[in-house]
Amino acid sequence: MNRTLPAWWGIPLGVAIGLLGARLALGPRLVARSPAPGASAAASSDLRLTFSQPMEPSSVSARLHLSPPVDGELLWEGRTLIFRPHEGWPAGATIEVRLEAGARSQSGLATWYASNWRFTLRAPRLAYLWPAGQPADIYALLPLAEAPERLTSLGGVNDFTLGSRGTELAYTVERSDGSTELRALRVDTGEDRLLFRCPDGERCSSAATSPDGRLVAFVRGAEASTGGGRTRIWLLGTGTTIPHPASPERSSALMPFWSPQGWLTYVDTTRGALVVVSASDPESIVPRGASPSTQGERGAWSPDGSVLVYTDLRLPSGDAAEGEGAAILETHLFRWEPATGALIDLSLTAGERVEDGSPSFSPDGEWIIFGRRVLAAGQWTPGRQLWRMRVDGSQAEALTGESFINHGAPVWSPSGDRLAYLRYNVEAPLEPAELWWYNLGLGQISQAVVGGYAPVWIP
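All the letters of the sequence shown, read from the start, carry residue numbers 12 to 470 under my numbering.
Pasting the structure below:
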């Protein structure tokens, strides 16, 4: 028997299909993903999911799954969900992201389809300036790569620092007309933007972005040709163009840098001190402490932000100040705890006169790498060597022993298995300095870049 549906059945069927199509068209959709499928991302990157509509946060978070699991926090910026890993993504890993269907918008409609994709995390790279003695740019090099990647192409980059959770480089560039600009470069996307153009007759330098990315600290002062010699630390808020002073007007300040928890630190050359302040915004500066510093070097914060280790002069005292060798000045590493005011001379554990400097913490906060020249008779070398010691000054040991090679500016890789450092031959002062690798696990050293300087690890 030939059976056909009554013609009137087409009406409700058409209505149902129309309603289904309308619901599909009106329902929320995932419209953008970062890192994108198949992308190679920095270990500090945020995972960002942008929807076509404002979403119900709990319904999205309950359906978001990562493999392997990674601890982090969920944030919302409008229609975009941001997952921020607490300690970054595992370098070199492949991350699988799955968003199940059924995530609801604030209007009650739900997503109909699941989304799945993968991205990989690249290994940390060494960023540096090149070439020495000429207008420089920022380059990045993987430890096993044959050729570096050029990150800027402006020429005249004077300095740079890594901030904003490792996602952004803040740098200073000197233009051909003699003016200076502060700029920011996103490590994960390559986006480069102008932060601040220094006014005519002034120079700006040493830009440093806060860990949360909300503030940029920098040095600003009059051109030397105008007779001005005093410089101050200034703060610029994200998205603003008007900076505010962060250091006293009557003091000269240099070298701003940030602690992991966001304390602004700088060298006050007028006071002869390292100063720490809280800076929740450019117009709210709260003192946290100060420690004597006649050397005027910035130092290094521990990963947890509890202590600052820095280099300072130590003058001979007592019999040593009157005896043989009294003219030899020592530089020691001092461990300062701003919360308690405790100040400990770590270099005293050497038991000899030493010239220590350039401290750098291991990622786990257990070790300090630094440069040392022993000044005692029979042990002195023209070049400063690389040393390692515990954070209390114990278990100090030399890592290098090349008498005529000076080692400096050591920086520890995020994974803790490798060092990068600057070295030059004291017998050949006209030759350019070189960047070298030190594989701590194998005890091997190798050349990285000739003419590179100012090394910084980036994700």
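Glycine included, each C-beta is placed from N, C-alpha and C at the ideal position.
Quantities reported herein were computed from a predicted structural model and do not represent experimental measurements.
Residue burial classification, residue i (beta-carbon count within 10 angstroms, cutoff 16)
i	result
Tyr124	exposed
Trp391	exposed
Asp292	exposed
His97	exposed
Pro466	buried
Gln455	exposed
Gln396	buried
Ile106	buried
His76	exposed
Ser358	buried
Gly144	exposed
Ser51	exposed
Val320	buried
Ser457	exposed
Gly189	exposed
Val184	buried
Pro159	buried
Leu155	exposed
Pro79	exposed
Sequence-distant residues of its chain with Cβ nearer than 6 Å to residue i (five each side left out)
i	result
Thr172	Ala181, Ala219
Phe481	Because residue 481 is not part of the residues shown, which for the chain are 12 to 470, the question remains open.
Ser371	Ala311, Ile380, Pro421, Val422, Trp423
Pro256	Arg243, Trp245
Contact set for residue i: own chain, Cβ-Cβ below 8 Å, skip 5 residues either direction
i	result
Ala102	Ala54, Leu132, Arg133, Ala134, Pro135, Pro425, Ser426, Pro470
Trp468	Pro135, Arg136, Leu137, Ala138, Leu173, Val422, Trp423, Ser424, Pro425, Ala431
Ile234	Residue 234 is actually Glu in this sequence, not Ile. Around Glu234: Gly212, Glu213, Arg214.
Pro48	Trp128, Arg129, Phe130
Ser126	Leu41, Arg44, Val108, Arg109, Leu110
Arg261	Thr281
Ala112	Arg74, Ala121, Thr122, Trp123, Tyr124, Ala125
Asp203	Thr163, Arg194, Ala195, Leu196, Arg197
Thr322	Gln306, Glu308, Gly310, Thr342, His343, Leu344, Phe345, Asp367, Gly368, Ser369, Pro370
Residue j beta carbon less than 8 Å from that of residue i
i	j	result
Val230	Ser217	yes
Leu226	Gly250	no
Ser369	Phe381	yes
Ser116	Pro39	yes
Trp100	Val81	yes
Ala264	Ser258	yes
Met66	Arg90	yes
Ala407	Thr360	yes
Leu37	Leu120	yes
Ala228	Leu152	no
Gly376	Pro314	yes
Leu410	Gly419	no
Option nearest residue i by Cα separation, candidates the options
i	options	result
Glu413	Tyr435, Ser405, Val402	Tyr435
Thr122	Arg346, Gln64, Val227, Leu155	Gln64
Ser317	Leu75, Gly307, Trp347, Pro259	Trp347
Ile93	Glu107, Gln117, Phe62	Phe62
Leu324	Gly310, Ser304, Thr411	Ser304
Pro298	Gly307, Gln306, Glu308, Val287	Val287
Thr178	Gly189, Pro314, Leu58	Leu58
Tyr449	Leu441, Tyr464, Arg429, Pro443	Arg429
Ser187	Ala195, Asn169, Arg176	Asn169
Gln306	Pro440, Gly283, Ile296	Gly283
Ser56	Gly419, Pro68, Arg383, Glu84	Glu84
Ser164	Pro256, Ser313, Trp141	Trp141
Ala444	Cys209, Gly463, Thr411, Val320	Gly463
Met400	Trp378, Asp315, Glu88	Trp378
Leu441	Leu205, Ser313, Val461	Val461
Leu86	Asp203, Pro68, Arg74	Pro68
Asp279	Glu294, Ser295, Ser289, Glu308	Glu308
Pro46	Pro210, Thr200, Thr191, Ala156	Thr200
Asp356	Ser175, Ser405, Ala158, Asp315	Ser405
Ala114	Arg74, Leu410, Ser78	Arg74
Ser175	Leu196, Ala156, Asp315	Leu196
Close-in-space but distant-in-sequence residues of the same chain around residue i (CB under 7 Å, 5 per side omitted)
i	result
Gly166	Pro146, Asp148
Arg161	Asp148, Tyr150
Leu354	Ser302, Phe345, Trp347
Thr242	Val230, Arg231, Gly232, Ser263, Ala264, Leu265
Gly273	Ser221, Pro222, Asp223
Gly452	Asp428
Ser289	Trp274, Val297, Arg299
Distance between beta carbons of residue j and residue i, contact taken as under 8 Å
i	j	result
Ile244	Tyr277	5 Å
Asp367	Arg383	5 Å
Gly394	Val437	5 Å
Trp447	Ala459	6 Å
Residue i: CB within 7 Å of a non-hydrogen atom of the ligand ADP
i	result
Glu98	As presented, the structure is devoid of all ligands, the ligand ADP included, so that no description of it is given.
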